[in-house]
Structure formats: C-alpha cells, structure tokens
Ligand SMILES: [Zn+2]
C-alpha cells in the first residue's frame, strides 16, 4: 500500500487566503513541569488543506459535524488539468472531456489538479485556477460525494459568481480546498480526508491522503 500526502504543511509560514486570520503557532509554557513542549495554535477554519461545510456559503445549511464521515473516505478520481495552458478556470467542457471515457459512478469523489499544484503553495497568488460556475453546476448534478481543488478557494478571487461554493454546498457536497496534487497522476485512488471534529462550524483543517492499494 502506498500513501500520498496531499495536504499542505501547517506552520507560521503557511499562506492563508487574504482576509483570513494568519496561522500562528507558539510554544506555550504554562506547565513546564509536565511537558517539554506544549504549543498554542491560532488559526482560521479555512487554513491550509481544509473542508468547506454547507454552512460556509448557504445560510442555515449543515455544519461540518453533520456531514457523514463516509463522504470523506472512499473511491476518488484525480483529474489532471495542469497541462492545459491558458485556462483561468476548470470549465464544464473540460470536465466533460475528461469524464467521457471514465465511468463516474454515483457516490464517487472528484479532485481537480491544476497548474496551481505545479506553481506550489509557498505564497498566495491572486491568479489561481478555480472552478467555473457552470462546471460546479455540472459536478453538483453528478451526485458526487465530495469535490476538491488545489487552491485555497474553489471560486475566483473576488468573483461574483458564487456557484462554485453554492451549487455544491446546497447539495451537501463538501468541498476540499488547499490540496497539493503536484506528485499525483490522473487516476483513481482511495481518498481519506478527515476534518478535525469541531462542532457547529463552517469548515476545518483536514489531513488528506490518497491510497494506492
Ligand atoms: Zn474554504
């Protein structure tokens, strides 16, 4: 069994989406008699590799703890759009081209690899590749269990089309943002991507891995 870690490292240099609070980790010395190292962590709910729950973008919708864990574990397609030059977004047409020879079954999960993974995640770039609104509608119609992308947001920076969030989250399809797919080839894998067990919250960091049996 091979395990590929597709989550971003979390430390004081981890970039966050503009407007989110910075990730801050420091040594907390409250109990030196009990522990040699004890850290304090301050972070936003959308830090690093993380899950967006429906409540993030749809008023009154499910919080993260109400999403079944079965959404986050199971068969998964990685679709590679990273070689497609000139595209600012993943479009419905690009998805249809990729999926026409793949038998996507109800209950699968889709991860989108773009040029974002090739550029890396050491800093935040405004011009990241995102998911187009029509493409989000299309993925929502496929009854997938989860959609992931290698950007800190699935929608365009400052964009007014909110469907990349709402079309998926309104159907209770959680979104994984902040994946690093640089070392992953297109294909089918087993995904494990479990968010931390915060309750009544809009999202939380997750450790995401792909498993090759
Ligand atoms: Zn998010």
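In our numbering, the protein residues as written are 1 to 213. Note that beta-carbon positions come from the ideal geometry of N, C-alpha and C, so glycine has one too.
Within 7 Å: the Cβ of residue i and any heavy atom of ligand 1?
i	result
residue 52	yes
residue 153	yes
residue 46	yes
residue 190	no
residue 148	no
residue 96	no
For residue i, is the classification buried or exposed, using 16 other Cβ atoms within 10 angstroms of its Cβ as the cut-off for buried?
i	result
residue 36	exposed
residue 214	Because the chain is modelled from 1 through 213, residue 214 falls outside the range shown and cannot be assessed.
residue 3	exposed
residue 189	buried
residue 158	exposed
residue 127	exposed
residue 101	exposed
residue 85	exposed
When the distance is taken between beta carbons, is residue j closer than 8 Å to residue i?
i	j	result
residue 15	residue 123	yes
residue 167	residue 136	yes
residue 173	residue 164	no
residue 8	residue 44	no
residue 129	residue 151	yes
residue 146	residue 72	yes
residue 148	residue 179	yes
residue 210	residue 191	yes
residue 81	residue 114	yes
residue 202	residue 56	yes
residue 13	residue 28	no
residue 91	residue 52	no
From what residue to what residue does the alpha helix (DSSP H) around residue i run?
i	result
residue 92	92-99
residue 138	133-141
Within the continuous beta strand (DSSP E) that includes residue i, where are the two ends?
i	result
residue 203	203-212
residue 50	50-52
residue 8	Counting along the chain, residue 8 falls outside any beta strand (DSSP E), and DSSP gives it neither H nor E.
residue 188	187-195
residue 182	Note, residue 182: premise wrong, no beta strand (DSSP E); not H, not E.
residue 218	This structure gives no information on residue 218, because the portion of the chain shown stretches from 1 to 213.
Three-state secondary structure (DSSP) at residue i?
i	result
residue 157	coil
residue 171	coil
residue 43	coil
residue 18	coil
residue 118	helix
residue 80	strand
residue 66	helix
residue 164	helix
Is there a Cβ of chain D sitting closer than 8 Å to that of residue i, yes or no?
i	result
residue 138	No chain D appears in this structure, which consists of one protein chain only.
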